[in-house]
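Notes for the one structure printed next.
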Amino acid sequence: MRRVALVLIVAGLGLAARPVVMRAARAVQAADAEAHKTWMNDATDLQEDIRDAMRAKDGAKVAEAATKIEALMAKTEDYWTAKKAADIVKLAQTARTHARELAASARAAKFDQSAEAFGKLNTTCNTCHDLHPEKR
Ligand code: HEC
């Protein structure tokens, strides 16, 4: 008899706790989505920095900004890994690869290669946006 009461109490607590847990999970997701937007806006600012630095043929500055974009795309990759969106994860990895190529070629003052890598990076931004992963 006592055991039955205990089971009922535990079950009751579980039911009561569930909406709280679900609300908390949604709040975490919303915070993550906000962070994701911040990374994206930071990436756009860095894209501008790269454009300016490319015009000025300042390889060190290009490399610095490209390395920061690479780090932002690493966070993006983790974000979509957690959401199990394999195709989006792959695009984040592609963006990281092009950002690394951009950094390396700019550091070596190979600006033709840098321009090519930058173009591929920007295309990857757009390819991912066209898929609208945020609607999944
Ligand atoms: C792997 C996928 C992916 C890649 C690669 C990617 N983005 Fe995004 N980006 C997104 C998603 C998803 C959104 C929509 C986020 C939302 O609305 O919650 C977004 C939104 C944005 C936004 C709008 C942010 C806002 O405040 O609503 C900007 C700006 C942006 N991205 C810039 C970039 C730039 C620049 C790059 C490349 C350097 C890039 N993104 C690469 C997935 C990606």
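Numbering of the sequence shown is given in numbering that gives the first Met the number 0, commencing with residue 0 and proceeding in unit increments.
Every residue, glycine too, gets a C-beta built ideally from N, C-alpha and C.
This one's a predicted model, so the numbers in the text were calculated from it and none came from an experiment.
Buried/exposed call for residue i, threshold 16 Cβ in 10 Å
i	result
Thr123	buried
Gly118	exposed
Glu47	exposed
Glu69	buried
Ala94	buried
Residue nearest to residue i in terms of C-alpha spacing, selected from the options
i	options	result
Ala32	Arg54, Ala64, Lys82 and Ala52	Lys82
Asp111	His128, Val61 and Leu71	Val61
Ala114	Glu100, Arg95 and Cys127	Glu100
Pro164	Ala116, Ile49 and His35	Look at the range of the chain in this structure, 0 to 135, and you will see that residue 164 is not part of it.
Beta-carbon proximity of residue i to residue j, cut-off 8 Å
i	j	result
His97	Leu130	no
Ala55	Ala64	no
Leu90	Thr126	yes
Gly58	Ala108	yes
Short CB-CB distance (under 8 Å) between residue i and chain C
i	result
Lys109	No chain C appears in the structure shown, which is made up of a single protein chain.
Q. Taking contact to mean at least 3 C-beta pairs separated by less than 8 Å, is the stretch 80-87 in contact with the stretch 99-106?
A. Output reads no: the stretch 99-106 does not touch the stretch 80-87.
Q: Check whether the stretch 42-51 touches the stretch 67-76, taking contact to mean three or more Cβ pairs, one atom from each stretch, closer than 8 Å.
A: The stretch 42-51 and the stretch 67-76 touch, with no fewer than 3 CB-CB distances between them shorter than 8 Å.
Q.
My parser needs the alpha helix (DSSP H) runs of 4 or more residues fully inside the stretch 105-133; what are they?
A. You should have 110-129.
**Q.** Segments of 3+ residues assigned as beta strand (DSSP E) that fall wholly inside the stretch 61-93
**A.** As for any beta strand (DSSP E) of minimum length 3 sitting wholly inside the stretch 61-93, there is none.
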